[in-house]
Amino acid sequence: MALLEVEDLRVAFGASTAVDGVSFSVPEGKVVGLVGESGCGKSVTSLAIMGLLPKGRGRKARQPVLAAASEPVGSGLKATAAAPQSIAASGGRSRGGADVNGRAVFDGTDLLSLAPAAMRRRRGKDLAMVFQDPLSSLNPVVPIGRQITEVLERHRGLKGDKASKEAANLLDRVGIPDPTRRLKEYPHQLSGGMRQRVLIAIAVACAPRLLIADEPTTALDVTIQAQILELLKDLVETEGTALLMITHDLGVVAGICDEVNVLYSGRVVESAPVRELFARPTHPYTIGLLGSIPRLDLPIHEPLTPIRGSIADVIRWHDGCAFAPRCDRVAAPCVEGEPALVGAVHAHRCVMAEEVA
Amino acid sequence: MLRYTVKRLLQLSVALLGLSLLLFAWFKALPGGPENRLLPENATDRQREALRAALGLDEPVWTQYGEFLGRIVRLDFGSSLSSGRPIATELAERLPATVELSLAAMLIAVGLGIPLGYLAAKRRGTWIDFGTVSGSLLGTCIPIFFLAAMLKVVFAQELGWLPTTFRLTAGADFTEVTGLRVFDGIITGEFDIAWDAVKHLILPAIALSSIPLAVIVRITRASVLDVVGEDYVRTADAKGLKPSTVRGRHVMRNAMLPIATIIGLLLGSLFAGAVLTESVFAFGGIGSFVYQATTERDYPALMGFILVIAVFYVVINLLVDLSYGLLDPRVRVRK
Ligand SMILES: Nc1ncnc2c1ncn2[C@@H]1O[C@H](COP(=O)(O)OP(=O)(O)OP(=O)(O)O)[C@@H](O)[C@H]1O
Ligand code: SF4
Ligand SMILES: [Mg+2]
Chain A
1 MALLEVEDLR VAFGASTAVD GVSFSVPEGK VVGLVGESGC GKSVTSLAIM
51 GLLPKGRGRK ARQPVLAAAS EPVGSGLKAT AAAPQSIAAS GGRSRGGADV
101 NGRAVFDGTD LLSLAPAAMR RRRGKDLAMV FQDPLSSLNP VVPIGRQITE
151 VLERHRGLKG DKASKEAANL LDRVGIPDPT RRLKEYPHQL SGGMRQRVLI
201 AIAVACAPRL LIADEPTTAL DVTIQAQILE LLKDLVETEG TALLMITHDL
251 GVVAGICDEV NVLYSGRVVE SAPVRELFAR PTHPYTIGLL GSIPRLDLPI
301 HEPLTPIRGS IADVIRWHDG CAFAPRCDRV AAPCVEGEPA LVGAVHAHRC
351 VMAEEVA
Chain B
1 MLRYTVKRLL QLSVALLGLS LLLFAWFKAL PGGPENRLLP ENATDRQREA
51 LRAALGLDEP VWTQYGEFLG RIVRLDFGSS LSSGRPIATE LAERLPATVE
101 LSLAAMLIAV GLGIPLGYLA AKRRGTWIDF GTVSGSLLGT CIPIFFLAAM
151 LKVVFAQELG WLPTTFRLTA GADFTEVTGL RVFDGIITGE FDIAWDAVKH
201 LILPAIALSS IPLAVIVRIT RASVLDVVGE DYVRTADAKG LKPSTVRGRH
251 VMRNAMLPIA TIIGLLLGSL FAGAVLTESV FAFGGIGSFV YQATTERDYP
301 ALMGFILVIA VFYVVINLLV DLSYGLLDPR VRVRK
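Protein chains in written order, with UniProt numbering: chain A, 1 to 357; chain B, 1 to 335.
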């Protein structure tokens, strides 16, 4: 059994579904990627695993079937394309919390059913997270040293000088020069790359077995991005930490991941070992993603082929493939019920895949 | 931090100088001028000239302003036109009462307002939130004078739980140190005096605290709601910290920035409320002094009062700015 098994994870904000039955696993010590375009549910998935979503009213995610049923019967395709209500329109970051369903089994325990206090004891210790925007993710009025020592104090019982010394060690390990002086500084006194290093130091402070990084390089300069990726790679290799790498950048996936899960509209549409995915992409969405990145091995005039349209606002997996409105290969079977995830090592969710391959 | 402090001090001196100019201009522009107040109705022009010369009113304007400034710096505000006593003495005698009352009111407002505001934010959308916000609206609506009178009638006159007037029970024998009775009672070991002073303070302080309390509740609520949505609070949660740590170190420390500013501003404005409250409870602070000065057109006394209030505002502002520097490291470094 893998270190983390996410099974049929569903997250809804009120009536809108953000994650619609995501399943994947992160084996001990491996780097697993979660890719997909903006809004497909990557961050919500990771926050759900960490137990960091605002609490909703009920445990049952409301099925989007209700919204579909009220629509005039017609071609499923049309209904999907003309989805009238969008998650964004229904309030974006709504005040109401998230209803989370499914399982996220970490080392034998389902994190989603843990009591808040029990989850707090594991968060930051057994599983930790690095966020996208390093400036806003650090407290502006607390010295960075304190922001590191507080997690050492909480989970490792280190106090005073011992904690400070360990914090300096950690800063040193993430490549921050003159760590003892830096401990007294505030986030605004550091550069973007350094801030992300501090966040990484905080995340690895208690030697977690799973590290979740949600687009850790998106807010940084290109040269810094490479350094941060290198650092993460180095840390997880030497410590044997498993890493769930969330990104929309296939370059990052190619550079660091062992396995990849491609997410589309709240579901995994393809998952495979990283070489396999790049060699034989099967799902039209994955093929589209690969076609829309510049490649060095193609003539420079070869046009990039972007995926047309944008992510469907309402998840409509139940009455057909949610990618159908944007898919070049769409055919009648695509909108006759939910496409299932088929395959084991290399799995995909496309009814036309046999023809595609 | 030192540069920051010096810069603030300079800014404040400029502000004070500007204020003195305004005051001087106001004084000059008064209808009739002060000499009318001192002369009998049927005074002759010669008498008038003589008095103007005696008061220095016939000198060039800039000389007058210079002298005016000089007197202010020496704390020589002249004598009250009604009592004839030096204004500085009158103010010095009455100021401690007002300061004590204002501080007590602020203590109530802060001590109650911040927790209530936090609770309302945490329970956003529940009846607790609704009740707190409505209550604070009510607090800003009730006129202080009315509230003070109601408190006095109910708790002092009808129920008899607390004294109706003055700062101490009549005939109490106390040692005066700073003039803040509670504080003096504690440092001199006269605890019965301190307690007596507290009992006399409660009702006026509650009346005076109503507006700052309401404001602090609402600012705290808004500020906390702002901060809990910040990424760094999510980071703190991701560390698995105890809720109390997240609340204290991560939410409140950031939420305090706007609250501190408001507290400073409110402290200055308490003096205005104190005039009314003091008159209801015969508290004997500068409130009654100002009341009298206004009704009797005692301009020198009013001027002294305004200057004292201005200095208070300025000092409080300085304290707020400095505390801001302490609370927010970003301010400290930005020159
Ligand atoms: N607090 C919330 N309330 C309501 N809807 C939300 C909330 N958080 C996220 N969503 C919605 O859930 C969907 C998935 O969002 P998510 O943040 O997981 O996307 P993402 O894949 O991380 O995208 P990005 O690459 O932009 O970070 C989006 O449509 C978003 O609008
Ligand atoms: S199921 Fe049909 S619409 Fe969906 S990706 Fe496959 S071919 Fe395209
Ligand atoms: Mg995201």
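Cβ coordinates follow ideal geometry from the N, Cα and C atoms, glycine included.
Identity of the residues DSSP links to A272 of chain A by a beta bridge: A:V260
Proximity winner among A:V32, A:A48, A:V22, A:M1, relative to V252 of chain A (alpha-carbon distances): A:V32
Residue-chain proximity (Y232 of chain B, chain A), Cβ-Cβ < 8 Å: yes
Straight-line Cα distance separating L91 of chain B from F24 of chain B: 20 Å
Where the beta strand (DSSP E) containing A98 of chain A begins and where it ends: 98 to 106
CB contact check: V6 of chain A to chain B, cutoff 8 Å: no
Proximity of L307 of chain B and A293 of chain B at Cβ, strictly below 8 Å: no
Residue range of the unbroken beta strand (DSSP E) whose run includes T17 of chain A: 16 to 26
Euclidean distance between Cα positions of T277 of chain B and L201 of chain B: 11 Å
4 or more residues per run - each alpha helix (DSSP H) lying fully within the segment 219 to 245 of chain A: 222 to 239
The segment 234 to 250 of chain B: positions lying closer than 9 Å to chain A by Cβ: R234, T235, A236, D237, A238, K239, G240, L241, K242, P243, T245, R249, H250
Closer than 9 Å at the beta carbon, the chain B residues around N139 of chain A: E230, Y232, V233, T235, A236, R249, H250, R253, N254
R48 of chain B to G70 of chain B span [Cα, whole Å]: 25 Å
Those residues which DSSP pairs with E296 of chain B across a bridge: Paired residue(s): none; E296 of chain B is not in a bridge.
Under 8 Å by beta carbon: chain B residues contacting residue 374 of chain A: Outside the displayed range of chain A (1 to 357) lies residue 374 of chain A, so it cannot be described from this structure.
Counterpart residues of I212 of chain A in DSSP-defined beta bridges: A:M129, A:L244
Near ligand 4: D214 of chain A beta-carbon under 7 Å from a heavy atom: With respect to ligand 4, the structure offers nothing, as its ligand set consists of ligand 1, ligand 2 and ligand 3.
Cβ of P325 of chain A within 8 Å of any chain B Cβ: no
S43 of chain A CB to nearest heavy atom of ligand 3 below 7 Å: yes
Given 8 Å, three or more beta-carbon pairs between the segment 278 to 285 of chain B and the segment 72 to 92 of chain B: no
Proximal chain A residues relative to L258 of chain B, where beta-carbon distance stays under 9 Å: Residue identity differs from the one stated: residue 258 of chain B is Pro in this sequence, not Leu. Correct list: empty, because the minimum Cβ distance to chain A is about 13 Å.
Buried or exposed (CB count within 10 angstroms, at least 16 for buried), I187 of chain B: exposed
L171 of chain A - DSSP class collapsed to helix/strand/coil: helix
Range covered by the alpha helix (DSSP H) that runs through D129 of chain B: 127 to 141
Cutoff 8 Å: F226 of chain B Cβ touching any chain A Cβ: Strictly speaking, residue 226 of chain B in this sequence is Asp, with Phe absent from that position. False, the Cβ-Cβ gap to chain A never drops below 8 Å.
Within-8 Å CB hit, L52 of chain A to chain B: yes
CB of V268 of chain A within 8 Å of CB of L341 of chain A, strictly: yes
Distance, V215 of chain B Cα to C141 of chain B Cα: 11 Å
Cβ contact check for the segment 157 to 170 of chain B and the segment 190 to 208 of chain B: 3 or more pairs under 8 Å: yes
4-residue-minimum alpha helix (DSSP H) runs that sit fully inside the segment 212 to 256 of chain B, ordered along the chain: 231 to 238
Beta-carbon contacts of R197 of chain A that lie in its chain and below 8 Å, excluding the five residues immediately before and after: L171, V174, G175, I176, I228, L231
CB contact check: M194 of chain A to chain B, cutoff 8 Å: no
Expected contact under 8 Å - CB spacing of A105 of chain B and P212 of chain B to nearest Å: 7 Å
Three-pair Cβ contact test at 8 Å for the segment 262 to 272 of chain B versus the segment 308 to 317 of chain B: yes
Beta-bridge partners of L9 of chain A, as assigned by DSSP: A:V22
Cβ-Cβ separation, L241 of chain B to R154 of chain A (assumed contact under 8 Å), whole Å: 6 Å
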